[in-house]
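Using the numbering used here, read the sequence shown as starting at 40 and increasing by one per residue. Here is the structure we will look at.
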Amino acid sequence: MSELPEVLVLPQKPHGIPVESLVESLRERYDGTVSLARTNDAIDEALPDASVVVGNYISTDRLDRADSLELFACSYAGTDHLPLSELTERGVTVTNAGGVHASNVAEHAVGSLLSLIRGFFRARRQQRNHEWRNFQMGELAGRTVTVVGLGAIGSAIARRLQPFDVDLRAIRHTPEKGGPVDSVFGYGEAEAALAGAEGVVLACPLTETTEGLLGRDEFDLLDPDAVVVNVARGGVIETDALVDALRWNHIRGAALDVTDPEPLPSDHPLWDFENVLITPHNGGYTPEYYDRLADIVVENVERAVESREWTGLRNQVVP
40 MSELPEVLVL PQKPHGIPVE SLVESLRERY DGTVSLARTN DAIDEALPDA SVVVGNYIST
100 DRLDRADSLE LFACSYAGTD HLPLSELTER GVTVTNAGGV HASNVAEHAV GSLLSLIRGF
160 FRARRQQRNH EWRNFQMGEL AGRTVTVVGL GAIGSAIARR LQPFDVDLRA IRHTPEKGGP
220 VDSVFGYGEA EAALAGAEGV VLACPLTETT EGLLGRDEFD LLDPDAVVVN VARGGVIETD
280 ALVDALRWNH IRGAALDVTD PEPLPSDHPL WDFENVLITP HNGGYTPEYY DRLADIVVEN
340 VERAVESREW TGLRNQVVP
């Protein structure tokens, strides 16, 4: 493999960004050919000869036609929706877009913390009513904040919180790896990591370990002034327990970019809490999405061409 292989892009538009922007970003960085297959017929025609495919999904039926496929570069950070076992059986290397969202999700999380602690939403409500009335605000400095998950996003959140002079704790699967925090706990030590926390930021994947991680017992561990921010998955929090914690003032507030269920039904009680910020799972939006994804894809293809192996790639998931 001495020549740069053609990169085939499948139709997609995460966050409403047109796929042509991804094609443009790839062409700016890549000396080889980049093609876009827009229709089903075009995809079926191009797949048999494609060795590199960029897309958010590929079905098992299409895999049967992809005889030359070496690399499927998933344009999402998560890959649990892909037929990973079939891809592995066929010897196809899979990479993801991990890290693409780190900067913007971290900004979203820190902004949510500050907005709730400083009472910006109450200020906005009073402004709407032309009401000049003083109210108490909190302060982020000096708080104990626990970040759950120290992948690319969790680490980016922790680094952005450091200048605020907070006591930073983290929970991760491998605490011996450490991180940009003051103390790291394993998931088996979650109780110690959450006890007395005045801020909790969830940035972990949804797994058997993390599902329902914040339930009634865990909310009882938190400081009554705690703010909970979820930029992970809705299922990491037990929704009924969250509603009760808010209803009985067991926490200061919550910022939810994800919910369980999702989309959140229009009659759900979470919509009506004044101390809850809900965003429609768009904390991952960034105008830099495709540029960052293109950086990953081009780096990996060039590395594979040089090494003559589709292994040891950035963000490699399988095999």
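All C-beta atoms in this analysis are idealised placements derived from N, C-alpha and C, irrespective of residue type, glycine included.
- request: Give the secondary structure of LEU295 by DSSP, where H, G and I count as helix, E and B as strand, and everything else as coil.
  value: Residue state, collapsed to three classes: strand.
- request: Would you grab the beta carbon distance between ALA89 and ALA105 for me? Rounded to a whole angstrom, and I think it's under 8 Å.
  value: Your pair ALA89 and ALA105 checks out as a contact, with CB atoms roughly 6 Å apart and the cut at 8 Å.
query: Under the DSSP definition of a beta bridge, which residues are partnered with VAL239?
result: According to DSSP, VAL239 bridges with THR185 and VAL267.
message: Let's see if you can read the secondary structure: which residues bound the alpha helix (DSSP H) around GLY193?
response: For GLY193, the enclosing alpha helix (DSSP H) starts and ends at 191-200.
task: Helix, strand or coil for ASP259, going by three-state DSSP, please let me know.
output: Three-state DSSP puts ASP259 in a helix.
query: Between which two residues does the beta strand (DSSP E) containing GLY94 stretch?
result: Here the beta strand (DSSP E) through GLY94 covers 91-94.
message: With a threshold of 7 Å on Cβ separation, who are the neighbours of PRO219 within its own chain once the five nearest residues in sequence on each side are excluded?
response: Here the set comprises SER194, ALA197, ARG198 and GLN201.
VAL275 vs LEU253 beta-carbon contact at 8 Å: Going by C-beta atoms, VAL275 is nearer than 8 Å to LEU253.
- request: Tell me whether ARG172 is buried or exposed, calling it buried when 16 or more other Cβ atoms sit within 10 Å of its Cβ.
  value: By the neighbour-count rule (16 or more Cβ atoms within 10 Å), ARG172 is not buried but exposed.
- request: Select from GLY71, ILE97, PRO214 and ASP70 the residue whose C-alpha is nearest the C-alpha of ASP83.
  value: Nearest to ASP83 by alpha-carbon distance, out of GLY71, ILE97, PRO214 and ASP70, is ILE97.
- prompt: Would you call the CB atoms of LEU49 and VAL91 closer than 8 Å?
  reply: Not closer than 8 Å, so no.
- request: Name, in chain order, the residues that DSSP records as bridge partners for VAL48.
  value: Per DSSP, LEU75 and VAL93.
task: Determine the closest residue to LEU110 out of ARG129, ARG101 and VAL133, with distance taken between C-alpha atoms.
output: Ranking the options by Cα distance to LEU110, first place goes to VAL133.
6 Å Cβ shell around ARG182 - same chain, five flanking residues per side excluded: Contacts found: VAL205, GLU237 and GLY238.
Whole-Å CB distance - VAL357 paired with LEU126, under 8 Å assumed: For a cut-off of 8 Å, the C-beta gap from VAL357 to LEU126 is around 6 Å, short enough to register as a contact.
7 Å Cβ shell around ARG331 - same chain, five flanking residues per side excluded: Annotation for ARG331: VAL139 place their beta carbon closer than 7 Å to its own, counting only its chain and skipping 5 residues before and after.
message: Is the beta carbon of SER74 closer than 8 Å to that of LEU43?
response: Cβ distance not < 8 Å, so LEU43 and SER74 don't count as in contact.
Length of the line joining the Cα atoms of TYR324 and ILE335: Computed Cα separation, rounded: 18 Å.
- request: Check whether the Cβ atoms of ARG272 and LEU245 lie closer than 8 Å to each other.
  value: Cβ atoms of ARG272 and LEU245: closer than 8 Å.
task: Could you tell me whether the Cβ atoms of ASP262 and GLY292 are closer together than 8 Å?
output: Their beta carbons are not under 8 Å apart, which means ASP262 does not touch GLY292 by this criterion.
Cβ neighbours of ALA231 in the same chain (closer than 8 Å, five flanking residues each side left out): Leaving aside the five residues that flank ALA231 on each side, the residues in its chain whose CB is nearer than 8 Å to its CB run, in chain order, PHE224.
Terminal residues of the alpha helix (DSSP H) in which VAL144 lies: For VAL144, the uninterrupted alpha helix (DSSP H) segment begins and ends at 141-156.
field: Nonlocal neighbours in the same chain, by C-beta distance under 6 Å from ASN79, ignoring five residues either side
entry: Closer than 6 Å at Cβ, skipping near neighbours: no residue.
query: Exposed or buried, which one is PHE174 when buried takes at least 16 other CB atoms within 10 Å?
result: Under a 10 Å Cβ-count criterion, PHE174 is classified as exposed, with fewer than 16 other Cβ atoms of the shown protein chains found around its own Cβ.
query: When DSSP builds the beta bridges, which residues end up paired with ILE317?
result: Residue pairing of ILE317 in beta bridges, as defined by DSSP: LEU295.
- request: Return the bridge partner residues of VAL223 from the DSSP annotation.
  value: In the DSSP output, where bridge partners are listed per residue, VAL223 has ALA209.
- request: Using alpha carbons as the reference points, say which of ASP299, VAL268, ASP264 and PHE312 lies closest to HIS289.
  value: Answer by Cα proximity: ASP264.
Close beta carbons around SER114, own chain, < 7 Å, minus the five adjacent residues each side: Excluding sequence positions up to five before and after SER114, its CB lies within less than 7 Å of the CB of GLN51, PRO53, VAL93, GLY94, ASN95, ALA136 and LEU332, all in the same chain and listed in chain order.
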